[in-house]
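Q: Before I ask anything, here is the structure I am working with.
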């Protein structure tokens, strides 16, 4: 007999109310019940980080959390980063720095970095070092890029947000400069 | 506006960054049910019975199938039959019927209303197996007395490629250098696990299969033949794919099961493997042991090369057949002048996951063996290791160089290039970037720091053909239908750049569909670094043909001669009179079915299909140089610097070429230092999670320096391109073996890859009797003075 609960949550600002089996993971619920397929499952045991979403602003591996645990929570997924077709500054930086190839791990890295940058901003922290960004990036796995583009993209976004001096924790609207593009 | 050669932004990026990519598991169909594969829990045994009653009665279960339910005699065929070797006795069945041969082999499949129920029910399938001894060591398996996996034995193939009188050359040699090296079992492990959705149209029987990538047209043919239906009833649409690297998209048992279930049940069936399954089910690769020797004359010039290789292929011959072993021995002489060569390889079957290709198949392994041999030889001959390579590399004037070897059914003709020139350029670049200084500084600080150098030959652009269609809509949008497939490399962008230039339109006007079997039925897919070369030139030809048609029609519209027209930016204008012009959209409409510009008998539409066929591969080449620190206490090898130098012929998009090289190097660091599929004595896999299968993170991969040269356009194709997919990984095992050997001051080879902590500790313990901790100037075969000289030569 399935143990089913009724829950409510907000995903990228949209209210959802649904019945979900208690053992269903947040990742499966987001992907298959609510249609947020941008959240990807790479290992289902909490190592690769491709399924990272923000639950009440904190980065969470949605493969390790049950959907019912998100009852009453505010969830953000990769689909919530862009403003329509307008990429967020972080998303644009990933493109500018060739921080993605197949794009499967990318939503996880974006959400991880988004939470990191927002947390630093809230704490009034200064510019992160490359080593700090690299340590952050070491939380997740990517099999295509060799990570340098990811590190460069997050670092460039951190710098640009500090320079602009305004709140971009929502990650909307601020386009990165194409001048930042390219390799060595 | 020229697009080829620019760092154009990727067309794939916006959708992938917004989470709008559609990967296999992102497709769903109403009324779908979920399949779960039941796999053998033991490595080797007689399958006594598969009890399904309890599973079939479990909540939500729709069906349970075993081999007895399948059409009889289903075997997955070899995609690439090579060297006339018949592997029919060693092919994998879709579901095991009598014998199981590895942990993870499919024995049954459960279908349920939801994936959780399917997984629960799969655990209720009662598999009764009489266990037999697991055969895990290839050398033992090759012995006549070994327990047998198959009635035909355990050696699926035993063949030798080569030319010249090797024995005579070894008899006459002034020096013979021999070494041994093993390459550990690891594989691609793309971040997206496999997933399939098979949706059946009950009106027509047509099946659409989402998630079949890499070689969709070939897989469609295999599936049609196994199902006994016409191929037109199978449609494989293009999807996004989360990395391929050789393993994804080959025809696996699930590629039959899922569509067969959908047809049998008359319902959409979906299947998504989990990571633990992936690590035992998807092709493994690489596991070989080499005994390699070279004969030298008094000047350190190679007179003959010999290798004897044991290739552990796991439990079956899958779709790749003997591709990996064949490429291993075919490519082993690499970029060197080898007057006589013999490469023998035995393809041995063991009770482990079957093997196939992984990025740079055969080259990662063979390059590691050959380059270790050259490092050992340099030390024994007292010649600087770079100088030894320089002496033996084929010189530009010696190319094209025909080797009396066939590989992948093509004659081997090393087409063009400057191998010593690139070696010098790489050494110069490493010097410019401070690599030798870093080595010296580290050693002065008392660190065990080593520098590795490895040279490699790649191959790319395998034919025989690729087909492309280019179509222009009545709105002027250009659509490319390519048979190349996109596995995440940026193929859409590269093909769009090629089409934009050939047709004379802006890149924004071009969209690309890769690998849809209805839209492009003649595609051969993406593998062997072939796509930019073969699919790219097909797109180039089709786009040029459209451009000719555009000119023809525009001449009629503008009532001028074709020679007076120029096409640019999507507009056809009269030279010297830019006001007299028509847009591409207007020309497309002039090609419409009721157009007055069409002549009797001319078909409507503005499009062209072209085939690019090619008999020979092209052979790119490169150099890897790395600096590592070895901690003999922890056994940890830390990669400090890493340079990939690569001749790509012509970079359609330099950013993407660099990305391929960097990503390849990162994977190579994993295979050389971290990743390995170990088995216990019963054949139980020991790496079935990402905790035990250790892929490199950003903490293990340093920034990868890249030197891409475009000095030697490929002579065999109009674009002059060489493939870029594999050069980043080809020499990764070789260069890290070289660097660790240098750091530890080993006299012989490192013996085995990956250089895990335990292996390094053992090597370090052994090396203390060979040589003390090596200050560069005494222990290293690589002398700084020579490095200095090379640096001067190589600097630009």
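Chains as they are written, first to last, in the numbering used here: chain A, 5 to 188; chain B, 151 to 946. Built from N, CA and C at the ideal position, the CB exists for glycine as well.
#1: Just tell me which of B:514, B:393, B:423 has its CA closest to the CA of residue 636 (chain B).
#2: Taking buried to mean at least 16 other C-beta atoms within 10 Å of its own C-beta, is residue 163 (chain B) buried or exposed?
#3: Counting only runs of 4+ residues fully inside the region 489-532 of chain B, write out the alpha helix (DSSP H) ranges in chain order.
#4: For residue 821 (chain B), which of helix, strand or coil comes out of DSSP?
#5: How would you call residue 19 (chain A), buried or exposed, if buried means at least 16 neighbouring beta carbons within 10 angstroms?
#6: Tell me the rounded alpha-carbon separation between residue 21 (chain A) and residue 181 (chain B).
#7: By a C-beta neighbour count over all protein chains shown, 10 Å radius and 16 as the cutoff for buried, is residue 15 (chain A) buried or exposed?
#8: What is the DSSP secondary structure of residue 539 (chain B), reduced to helix, strand or coil?
#9: For chain A, find out if any of its Cβ atoms is closer than 9 Å to the Cβ of residue 854 (chain B); answer yes or no.
#10: Using CA coordinates, which residue listed in B:709, B:504, B:915 is at the minimum distance from residue 299 (chain B)?
#11: Is the beta carbon of residue 397 (chain B) less than 9 Å from the beta carbon of residue 508 (chain B)?
#12: Can you tell me whether DSSP reads residue 602 (chain B) as helix, strand or coil?
#13: Which word fits residue 774 (chain B), buried or exposed, when buried means at least 16 other C-beta atoms lie within 10 angstroms of its C-beta?
#14: Which of the three DSSP states is assigned to residue 187 (chain A) in this structure?
#15: Does the separation of the CB atoms of residue 686 (chain B) and residue 644 (chain B) fall below 9 Å?
#16: Threshold first: 3 residues or longer. Then list the beta strand (DSSP E) segments lying entirely within the region 824-873 of chain B, N to C.
#17: Which residues does DSSP pair with residue 137 (chain A) in a beta bridge?
#18: Which residues mark the beginning and the end of the beta strand (DSSP E) in which residue 761 (chain B) is found?
#19: Could you name the residues of chain B that residue 98 (chain A) contacts, counting a contact when the two beta carbons are closer than 7 Å?
#20: Within 10 angstroms of its Cβ, does residue 244 (chain B) collect 16 or more other Cβ (buried), or is it exposed?
#21: Please report the straight-line C-alpha distance between residue 136 (chain A) and residue 322 (chain B), rounded to a whole angstrom.
#22: Measuring alpha carbon to alpha carbon, tell me which residue in B:609, B:266, B:458 is nearest residue 679 (chain B).
#23: At a CB-CB cut-off below 7 Å, which residues of chain A make contact with residue 812 (chain B)?
#24: Helix, strand or coil: how does DSSP classify residue 435 (chain B) here?
#25: Straight-line CA distance for residue 153 (chain B) to residue 871 (chain B)?
#26: Put residue 418 (chain B) into one of helix, strand or coil per three-state DSSP.
#27: Do you know how far the Cα of residue 590 (chain B) is from the Cα of residue 604 (chain B)?
#28: DSSP state of residue 22 (chain A), grouped into three classes?
#29: If the cut is a Cβ gap below 7 Å, which residues of chain B does residue 81 (chain A) touch?
#30: For the region 192-204 of chain B and the region 277-288 of chain B, state whether three or more C-beta atom pairs, one from each stretch, are separated by less than 8 Å.
#31: What residues of chain B sit near residue 59 (chain A), judged by a beta carbon separation below 8 Å?
#32: Can you pull out the residues from the region 101-115 of chain A whose beta carbon lies closer than 8 Å to at least one beta carbon of chain B?
#33: Run the CB neighbour count on residue 474 (chain B), radius 10 Å, all protein chains shown included, and call it buried at 16 or more, exposed below.
#34: Which same chain residues, not among the five before or five after residue 971 (chain B), have their C-beta less than 6 Å away from its C-beta?
#35: Return the residue from the list B:791, B:863, B:455, B:788 that minimises the CA-CA distance to residue 800 (chain B).
#36: Just by C-beta distance, which residues in the region 8-31 of chain A are closer than 9 Å to chain B?
A: If we stick to the structure as given:
#1: B:393
#2: buried
#3: 513-531
#4: helix
#5: exposed
#6: 22 Å
#7: buried
#8: helix
#9: yes
#10: B:504
#11: yes
#12: strand
#13: buried
#14: Bear in mind that a pLDDT of 33 at residue 187 (chain A), under 50, signals an unreliable position, so the number given afterwards is only what the model happens to contain. It is coil, neither helix nor strand.
#15: yes
#16: 854-859
#17: Its beta-bridge partners do not exist; DSSP assigns none.
#18: 756-763
#19: 167
#20: buried
#21: 59 Å
#22: B:609
#23: 149, 150, 152
#24: strand
#25: 15 Å
#26: coil
#27: 20 Å
#28: strand
#29: 169
#30: yes
#31: Going along chain B, no residue has its Cβ under 8 Å from residue 59 (chain A), so there is no contact; the nearest lies around 17 Å.
#32: 102, 104, 105, 106, 107, 108, 109, 110, 111, 114
#33: buried
#34: Not covered by the structure: residue 971 (chain B). The range shown for chain B is 151 to 946.
#35: B:863
#36: 25, 27, 28
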